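Asker:
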Amino acid sequence: RDWVKFNATAGITYTLETSTTTDTYLELYNTDGTTIITYDDDGGVGTASKIVWGALTNGVYYAKVRHYNSATYGPATRYELSVTAFVPPQIRRIYLPLVRRE
14 RDWVKFNATA
24 GITYTLETST
34 TTDTYLELYN
44 TDGTTIITYD
54 DDGGVGTASK
64 IVWGALTNGV
74 YYAKVRHYNS
84 ATYGPATRYE
94 LSVTAFVPPQ
104 IRRIYLPLVR
114 RE
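Under this note's numbering, read the sequence shown as residues 14 to 115, first letter to last.
1) The beta strand (DSSP E) with glycine 67 in it runs from where to where?
2) Does the structure place the stretch 35 to 54 close enough to the stretch 66 to 84 that three or more beta carbon pairs sit under 8 Å?
3) According to DSSP, what are the bridge partners of threonine 33?
4) Could you compute how far the alpha carbon of threonine 70 sits from the alpha carbon of serine 83?
5) Quick check on the DSSP output: the beta strand (DSSP E) that includes glycine 56 runs from which residue to which?
6) Once DSSP output is grouped into helix, strand and coil, what is the label at threonine 22?
7) To the nearest angstrom, how far is the alpha carbon of glycine 59 from that of threonine 33?
8) By DSSP, does arginine 14 sit in helix, in strand, or in coil?
9) From the DSSP output, which residues share a beta bridge with isoleucine 49?
10) Kindly indicate which residue of Glu30, Phe19, Val17, Asp36 has the alpha-carbon position closest to the one of threonine 85.
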């Protein structure tokens with residue numbers, strides 16, 4: 014079992030995803046490190062895991078990755094975990110002069 018922590022900003026959507034040839038199980042925990050927010054098994058490509066989550070508050074959140082079968086271990090159980098943020102483009106208002114044609 015491996016734990017990672019990351020900073021999240023309220024209103025931003027995050028994607029946590031494993032890239033692997035082994036079967037992973039991914040859990041996302043709240044800022045207290047004990048309350049589970051959500052989890053996934055096989056939501057990514059093949060047996061990889063994927064969570065798409067929108068942060069409600071700023072803070073440090075935790076993710077735990079483990080092999081689906083706890084009896085499986087060793088060099089063949091490697092994986093990569095990515096945490097990416099989707100920041101929507103800001104809406105810009107452009108004020109143009111009023112032009113009348115008579």
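Glycine included, each C-beta is placed from N, C-alpha and C at the ideal position.
Nothing here was measured: the structure is a model prediction, and the numbers come from that model.
Answerer: In short, the structure shows the following:
1) Residue numbering aside, residue 67 sits at position 54 when the sequence shown is read from its first letter. Residues 63 to 67.
2) yes
3) The count along the sequence shown starts at 1 and reaches residue 33 at position 20. Per DSSP, Tyr92.
4) Position 57 of the sequence shown, counted from the start, is the residue given in the question as residue 70. Position 70 of the sequence shown, counted from the start, is the residue given in the question as residue 83. Their Cα atoms are separated by approximately 33 Å.
5) The sequence position of residue 56 within the sequence shown is 43, counting from 1. Neither: glycine 56 is in no beta strand (DSSP E) and is coded neither H nor E.
6) Position 9 of the sequence shown holds residue 22. Of the three classes helix, strand and coil, the one that applies to threonine 22 here is coil, per DSSP.
7) Translated into positions along the sequence shown, residue 59 becomes position 46. Translated into positions along the sequence shown, residue 33 becomes position 20. Near 9 Å, if we compare the C-alpha coordinates of threonine 33 and glycine 59.
8) The sequence position of residue 14 within the sequence shown is 1, counting from 1. Coil.
9) For this step, residue 49 is matched to residue 36 along the sequence shown. In the DSSP output, where bridge partners are listed per residue, isoleucine 49 has Tyr42.
10) Numbered from 1 along the sequence shown, position 72 holds the residue referred to as residue 85. Measuring from the Cα of threonine 85, the nearest candidate turns out to be Asp36.
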